[in-house]
Amino acid sequence: MKNILVFGDSGSYGAWDINGGWVQRLRQSLDKENIKNLKNFTLVYNSSISGNTTKDVLDRFNTETKAYLNESKVCTIIFSIGINDSRKINNEHAVSPDEFKKNVIELINRAKKHTPIIVFVGPVPIHPIFVQWSKTETYDIKDIQNYGNIVKSACETNNVHFIELFDELLKIDHKELLQDELHYNTEGHKKIYELVKDFLVTNNIVL
């Protein structure tokens, strides 16, 4: 038995995909393989919470990994986090770049206590404006790219997998894949799933 545990925010939670988001699509894909071989199956647990930052994930990481992975001999931990860290509240980052880097490295170190198979899914480009539910919060595409580069650098330094989404989605008209200014639609999540699944297969993390 293998377990995959995903930590993230509303993007990996699946907002706003009627099919549950890219993580749910990954689970459905692996469930089809599970049914073919119930003696060697992979379970996907989605521990993504809307609005979460790296600080929030650190706060709950130990408790949730213990709950999800205590019986698993083989596991993969996936992080899809960072966009909310980059957002500005009254012109100040929710999590500063320096603190963000420290948090990413701490997540890597904690994850390595459970598994050598760690994957960070890079952030996606969005359409930057004031968010609809707040007049004091902003998301900037350049900030998101910068925070993604911080993650990528930390992954390279610590020999951890990194999936590049930002550049890949900029190659196409990513704004057509947005449901609102911040979240991807059904087609957007499908594209993200395809990029993630291809990476996991290519690197022999899943079949």
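Position one of the sequence shown corresponds to residue 1242 (our numbering), numbered consecutively onward. Note that the Cβ used here is the ideal one computed from N, Cα and C, for glycine as well. Being a predicted model, the structure only gives us computed values, none of them experimental.
Could you tell me the distance, in whole angstroms, from the CA atom of residue i to the CA atom of residue j?
i, j, result
"residue 1426", "residue 1352", "30 Å"
"residue 1250", "residue 1279", "31 Å"
"residue 1401", "residue 1358", "8 Å"
"residue 1414", "residue 1360", "26 Å"
"residue 1295", "residue 1344", "6 Å"
"residue 1206", "residue 1417", "Past the boundaries of the shown model lies residue 1206; the chain is included only from 1242 to 1448, so the question cannot be answered."
"residue 1333", "residue 1315", "40 Å"
"residue 1366", "residue 1309", "30 Å"
"residue 1390", "residue 1383", "11 Å"
"residue 1272", "residue 1428", "21 Å"
"residue 1276", "residue 1270", "11 Å"
"residue 1301", "residue 1323", "16 Å"
"residue 1297", "residue 1304", "12 Å"
"residue 1307", "residue 1354", "11 Å"
"residue 1350", "residue 1392", "14 Å"
Tell me whether residue i is buried or exposed, calling it buried when 16 or more other Cβ atoms sit within 10 Å of its Cβ.
i, result
"residue 1394", "exposed"
"residue 1321", "buried"
"residue 1398", "exposed"
"residue 1252", "buried"
"residue 1436", "buried"
"residue 1337", "exposed"
"residue 1289", "buried"
"residue 1258", "buried"
"residue 1411", "exposed"
Short check: CB of residue i to CB of residue j, under 8 Å?
i, j, result
"residue 1368", "residue 1262", "no"
"residue 1362", "residue 1404", "yes"
"residue 1438", "residue 1267", "yes"
"residue 1283", "residue 1318", "no"
"residue 1245", "residue 1286", "yes"
"residue 1293", "residue 1325", "yes"
"residue 1255", "residue 1264", "yes"
"residue 1340", "residue 1448", "no"
"residue 1407", "residue 1420", "no"
Taking 6 Å as the limit between beta carbons, can you name the residues of its chain near residue i, skipping five residues before and five after?
i, result
"residue 1328", "1335, 1378 and 1380"
Taking 7 Å as the limit between beta carbons, can you name the residues of its chain near residue i, skipping five residues before and five after?
i, result
"residue 1299", "1344, 1347 and 1348"
"residue 1434", "1263, 1266 and 1267"
Who are the near neighbours of residue i in its chain, counting only those whose CB is closer than 8 Å to its CB and skipping five residues on each side?
i, result
"residue 1388", "1323, 1324, 1326, 1327, 1338, 1341 and 1364"
Practice task
Pick out the complete alpha helix (DSSP H) segments inside the region 1333-1374, 4 residues or longer, and give them in chain order.
Solution key: 1338-1353
Handout entry: Ordered list of beta strand (DSSP E) runs contained in the region 1279-1314, each at least 3 residues
Key = 1283-1289
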